[in-house]
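Peer 1:
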Amino acid sequence: MTEPTNEAGSGSPADPRRAMRRLLERDLDDVALAENTRLVGHRHETVQTDELTALIVRIGGEWLGFDALFAGRVHDPGVARRVPHRHAEHLAGIVAVDGEIVPAARLDRLLDLTADAVPPDPRLVIVGPVDRRWAIPVDEVEGMVRIPRTDVVDSPATVAGSLNRHTIGLLPLGDRHAALLDSDRILDLLDGGLR
Amino acid sequence: MSDLGGFSMFDLFREEAETHCASLEVGLLQLESDPGDSNVAIEPLMRAAHSVKGAARIIGLDVAVGLAHAMEDVFVAVQGGDEALSAGRVDQLLAGTDLLRGLASIEESAIEPWSAENESAINALVDSLGKPADAVVDAAPTQPPASGPVEVTTSPEPSEVAKASISPDSPETAKASISPDSPETPRSSETPAATVPDEPPAPNAVSGSPVEESRTVRVDSGRLERMMRLAGEVMVTSRRFLGVREQVVGLDRRLESMEDGVGAAFRDAGDPLPKLRRDVDEGRRAVSELVEELDGLLRRTEEISADLYGQVLGSRMRPFEDGGHGFPRMIRDLARTLGKKVRFEVRGGRTRVDREILTALEAPLTHVLRNAVDHGIEVPDVRRSAGKDESASLVLEARHQGGMLLVKVRDDGGGIDPEALRRRIVERGMVDQAMAERLDGPELHDFLFLPGFSTASSVTEVSGRGVGLDVVQSMVHEVGGAVRVESTPGVGTTFELQLPVTRSVVRAALVEVDGEPFAMPLARLDRVLRVPASEVTTVEGRRQFSHEDGMIGMIRLSTLLELTGSEDDPEVESVVVVGDASGRYGLVVDRFLGEQDLVVRRLDDRFGRIPHVASVAMLDDGSPLFIIDVEDVLKSIHQLLGDGRLRGTGRAKTTSESEKVTRVLVVEDSMTVREVERQILTQMGLHVDVAVDGVDGWNALQSGSYDLVVTDVDMPRMNGIEFVTTLRADERFKRIPVVVVSYKDREADRLAGMHAGADAYLTKGSFREGSFVETVRDLLGIDA
């Protein structure tokens, strides 16, 4: 047989698709089931272990960390168009990313961040769940870091101004720290400026 | 049950049965209304029944085999001339079709309960189909088990995919046709044979894809949406090749100058450098070839991506006749039940309509058509004595007009009696006698669209379905359309639904305001003009220019949009002329950028409603822009001009108000009610501004400070509940007292109003009772 046909009942064993189906849809014996259960349970535990992945970016003179679960993608900067009748200071406008049109936020204004002399390498960081996406222009993206949650410094006392209120803690990055942002709070504040 | 290439056998049966049931129904109805050459017409029906039988046999659905077989036998008898197709017989055959269709619409797991439930009905039907034709009593039709696909919720997980396979017409999914042939290929439902495969599928052919599958597939609408977005992205990305090409060409130029340099050096030195020269030559040739190849690729990519884009967009468009397959059947059954004779006709069936609109149209049209048969069309006796043809004419017509889709439902029935309607309005306590007498034409007909309003003297089984014309209106409003009624007593009634052809693509003029591009749908623009400053005159602080037959007042678009805009008056103003029945205006923009087809995107819900903005879109370079809602802009202009807030293109500041006036905003779409409210409030010494719907009201709120808001509930664009909710959500308006005045007097409506944040909920009868005045006094703290 050169080609698998769809004739009724012609389930040739050579048909790789059928073989695959048989493999995937076979009944599990108790041992396999127990093993699978254990594996699924185990993986779950791994997720629970306290490690944090964060995207480190710079806005103005401040290094910030977004929880990677919250901030997924980084894009080239796009044109932001101002929104008529909407005057929230942090609303930069709307931008198009991957064929989607999302609001863009100026975190420097929301968090009172000061400008920095370091020349920017601007990028757009896309944050938020699918129905609450925001594009946040940043001056530099350093990359992802994985840090045990226990290493997150609790006191954000050294963090200045209103950034303080939106920070969960400080992420140690060698000789400096990045402020780990409170994703939910930031998102609520951003969304609040849309109406 | 065994499976085939990922499809269960039942799925295949389902696909097949659905298609054949549709052919059966169309064919039966046609045969009944026009027997013509019944030998030819019966052929496809026979094959359809035969195919269903074959498909059912394969999966061992004996009930369906028996039924389809009995139906086939009848068709054979008719074709052989042994029997003539009577109306009673057609009823039976339609009932059989319904049963088969019902079976095809359930989940595989529900077959057994379904069979048990319907067994006796099927057996009875098979029995009577088996009886000779003359035994068939020409009775009223047996109640069909269900019209259209039966919604079955046996699936324990309400996953979207599962739902999609059960009820293909649910809003989550939509029928879309990815047609291998051009979308223009006519496919008429008037020739039922066209939907039946040429060869009756032999039982073993069922295992392959049914023939229909290659013509029409169902695609999840969300997936189609994503495909469209990606197709757009492909197009934008392909244009980036242009940049690469430019770079390569630049490289070639550099090589060219290098070559010149080498040539010069060669001459100067007199030293032959043949190898170097050859190398450079070769390099340039290679680059030229590359550029050529790149050009070819570029052209091809652009063509393909534009085509892909067009195809994906086109897949949203369906011929009008694709919607409402159930209409002929519904009308036939209804007319038979009511003892009326109706000739139903669909005109403009090929008119292409966005499937979103088509889906949205189904329910309102069903209602309007039922309404026409039930209330509009008279029984044959009455028609005869009125000198009309016994059979009434009911026409459903679709066509494009002025960039809109116009759908008309026209009957030649008794029409709407204005006196009866006035009486009814007064009876219901909606307005008093004096006001009712002043109501005329459209104002009067507007009452038909109020919830629970019916002029039918008795609630028949047909009309008493809890769906009123108010639902029709709100459904049409939802997709951005409008509905009107025209009626002449004794002559007939026409319902006219005006809808956008698509909500997907709009041809727009691009303008720049304050450095930002904006799109204005061309269909809504009168003219685009460049007006020299010397032609602009100023009257009472308002700038205007003369054009054709009159003066056109100028308003800066930037002012309306609350953008800064250019404050200079340039040598030549760029003006977009827009207008409606009440006037034309010149919107001043900074400059024109051109014209473009834009794919309309929904604005992120989180923005709520932004005044003057209809939606968003993306330009060719992938940057976003807003599409202006011209209708809304016009409303704002009326508002602003009426209040004198827009003197001098919006830049002149209003003088400070020294006297304290209590200002009331009345938001109401009925002119009559609006006028009554305005009069009452003015008599109370209040300053009254009016707005015609929620959006209008919302815009008015932005520019005036009000002490009280009075609003209706049922209004186009933004209804009263949305309006009050929006108002309450805004810090600035939180504390303004709001009175809702509505015809809706059920407790649930009152609760909805209060829940939204209204301070009082009154019915329109309250004008007479004086409770309106009392409530306003209370809320404003005025002594009686």
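Protein chains in written order, with numbering that gives the first Met the number 0: chain A, 0 to 194; chain B, 0 to 783.
Where is the CB? At the ideal position from N, CA and C, for every residue including glycine.
Here the structure is a predicted model, which means the values were calculated and not measured.
(1) What are the partner residues of G168 of chain A, as DSSP defines its beta bridges?
(2) In chain order, what residues of the same chain lie with their CB nearer than 7 Å to the CB of T774 of chain B, ignoring the 5 residues before and after it?
(3) Taking E515 of chain B as part of the beta strand (DSSP E), name the residues at either end of that continuous run.
(4) Out of curiosity, what's the CA-to-CA distance linking R17 of chain A and L110 of chain A?
(5) E232 of chain B versus chain E: which residues are under 9 Å apart at the beta carbon?
(6) For R122 of chain A, which residues from the same chain have a beta carbon less than 6 Å from its beta carbon, with the 5 sequence-adjacent residues on both sides left out?
(7) I'd like to know if E171 of chain B contacts chain A, where contact means its C-beta is closer than 8 Å to some C-beta of that chain.
(8) Quick one: list the residues of chain A neighbouring L562 of chain B, beta-carbon separation under 8 Å, in chain order.
(9) Using CA coordinates, which residue listed in A:R25, A:D28, A:W62 and A:A33 is at the minimum distance from D174 of chain A?
(10) If we cut at 8 Å on Cβ distances, does V94 of chain A have a partner in chain B?
(11) Taking the alpha-carbon positions, what's the E301 of chain B to D75 of chain A distance?
(12) Could you name each continuous alpha helix (DSSP H) segment of 4 residues or more that falls completely within the stretch 32-116 of chain B, going from the start of the chain to the end?
(13) Relative to the C-alpha of V588 of chain B, which candidate in B:F606, B:M45, B:L560 and B:D603 has its C-alpha closest?
(14) Of the choices B:E396, B:H399 and B:D380, whose alpha-carbon is the least far from that of S390 of chain B?
(15) Using a C-beta cutoff of 8 Å, does R72 of chain A count as contacting chain B?
(16) Look at L420 of chain B and D373 of chain B and say whether their C-beta atoms are less than 8 Å apart.
(17) Between the Cα of R784 of chain B and those of B:R354, B:F494 and B:L509, spot the shortest distance and give me the residue it belongs to.
(18) L624 of chain B touches chain A at which residues, Cβ-Cβ below 9 Å?
(19) Going by beta-carbon coordinates alone, are G59 of chain A and A104 of chain A separated by less than 8 Å?
(20) Does T661 of chain B come out as helix, strand or coil in the three-state DSSP assignment?
(21) Ordered along the chain, which non-local residues of its own chain (more than five positions away) have a Cβ less than 8 Å from that of H324 of chain B?
(22) Cα separation between D469 of chain B and E730 of chain B?
(23) Within a Cβ cutoff of 6 Å, which residues of the same chain sit near E17 of chain B, ignoring the five residues on either side of it in sequence?
(24) Would DSSP call D642 of chain B helix, strand or coil?
(25) What ranges does the alpha helix (DSSP H) occupy inside the stretch 538-607 of chain B, keeping only unbroken runs of at least 4 residues that lie completely in it?
(26) Could you tell me the alpha carbon to alpha carbon distance between G191 of chain A and G607 of chain B, rounded to whole angstroms?
(27) Please check if any C-beta of chain B sits within less than 8 Å of the C-beta of V124 of chain A.
(28) What residues in its chain sit with their C-beta under 6 Å from that of E281 of chain B, if we drop five residues either side in the sequence?
(29) Kindly indicate the opening and closing residues of the beta strand (DSSP E) around D410 of chain B.
(30) Since P623 of chain B sits in a beta bridge, which residues does DSSP pair it with?
(31) Could you check the C-alpha separation between M143 of chain A and L296 of chain B for me, to the nearest Å?
(32) For chain A, check one thing: does any of its Cβ atoms lie closer than 8 Å to the Cβ of L229 of chain B?
(33) Using a Cβ cut-off of 8 Å (strictly closer), state whether D190 of chain A contacts chain B.
(34) Assign D610 of chain B to one of two classes, buried (16 or more other C-beta atoms within 10 Å of its C-beta) or exposed (fewer than that).
(35) Could you name the residues of chain A that E721 of chain B contacts, counting a contact when the two beta carbons are closer than 8 Å?
(36) I'd like the list of long-range same chain contacts for L68 of chain A, defined as Cβ closer than 6 Å, with 5 residues on each side in sequence excluded.
Peer 2: Checking against the coordinates, here is how it stands:
(1) Paired residues: A:L179.
(2) Excluding sequence neighbours, T774 of chain B sits near V738, A759 and L761.
(3) Segment E515 to P520, the beta strand (DSSP E) holding E515 of chain B.
(4) C-alpha separation (whole angstroms): 57 Å.
(5) You won't find chain E in this structure, because its protein chains are A and B.
(6) Taken in chain order, the residues that qualify are V73, V137 and V140.
(7) Because E171 of chain B carries a pLDDT of 37, less than 50, the predicted location of this residue cannot be relied on, and the following value inherits that uncertainty. Not closer than 8 Å to any Cβ of chain A, the Cβ of E171 of chain B fails to qualify, so no.
(8) Ordered by position in chain A, the residues that pass the 8 Å Cβ test against L562 of chain B are R81 and P83.
(9) Nearest of A:R25, A:D28, A:W62 and A:A33 to D174 of chain A, Cα basis: A:W62.
(10) It does; some Cβ of chain B falls within 8 Å.
(11) If I take the Cα positions, the gap works out to 23 Å.
(12) The DSSP assignment places complete alpha helix (DSSP H) segments of no fewer than 4 residues inside the stretch 32-116 of chain B at 37-57, 61-78 and 86-103, in order along the chain.
(13) Relative to the Cα of V588 of chain B, the nearest Cα in the group B:F606, B:M45, B:L560 and B:D603 belongs to B:L560.
(14) Measuring from the Cα of S390 of chain B, the nearest candidate turns out to be B:D380.
(15) The beta-carbon of R72 of chain A is placed no less than 8 Å from the nearest beta-carbon of chain B.
(16) For L420 of chain B and D373 of chain B, no; Cβs fall outside 8 Å.
(17) This structure cannot speak to residue 784 of chain B, because chain B is shown only from 0 to 783.
(18) The answer, in chain order, is R80 and I93.
(19) Against a cut-off of 8 Å, the Cβ pair of A104 of chain A and G59 of chain A comes out as no contact.
(20) Look at T661 of chain B here: in three-state DSSP terms it is coil, with no helix or strand label.
(21) These residues qualify, in order along the chain: A21, E24, V25 and S188.
(22) Rounded to whole angstroms, D469 of chain B and E730 of chain B show a C-alpha spacing of 33 Å.
(23) Contacts found: A103.
(24) Residue confidence is low: D642 of chain B scores 49 on pLDDT, short of 50, so the model does not pin down where it sits. Its coordinate-derived value is still stated next. In the displayed model, D642 of chain B falls within coil according to three-state DSSP, outside both helix and strand.
(25) Runs of the alpha helix (DSSP H) inside the stretch 538-607 of chain B: 556-559.
(26) About 11 Å.
(27) For V124 of chain A, the answer is no, since every Cβ of chain B falls outside 8 Å of its Cβ.
(28) The beta carbon of E281 of chain B lies closer than 6 Å to none in the same chain, with the five residues before and after it left out.
(29) That run of the beta strand (DSSP E) goes M403 to D410.
(30) Per DSSP, B:M617.
(31) M143 of chain A and L296 of chain B: Cα-Cα distance of roughly 38 Å.
(32) Residue contact check for L229 of chain B against chain A: a CB pair falls below 8 Å.
(33) Between D190 of chain A and chain B, the shortest Cβ-Cβ separation is below 8 Å.
(34) Looking at the sequence shown, residue 610 of chain B is not Asp but Pro. P610 of chain B comes out buried.
(35) Here the premise fails: no neighbours, minimum Cβ distance about 13 Å.
(36) Spatial neighbours of L68 of chain A in its own chain (CB-CB distance under 6 Å, excluding positions within 5 residues in sequence) are not present.
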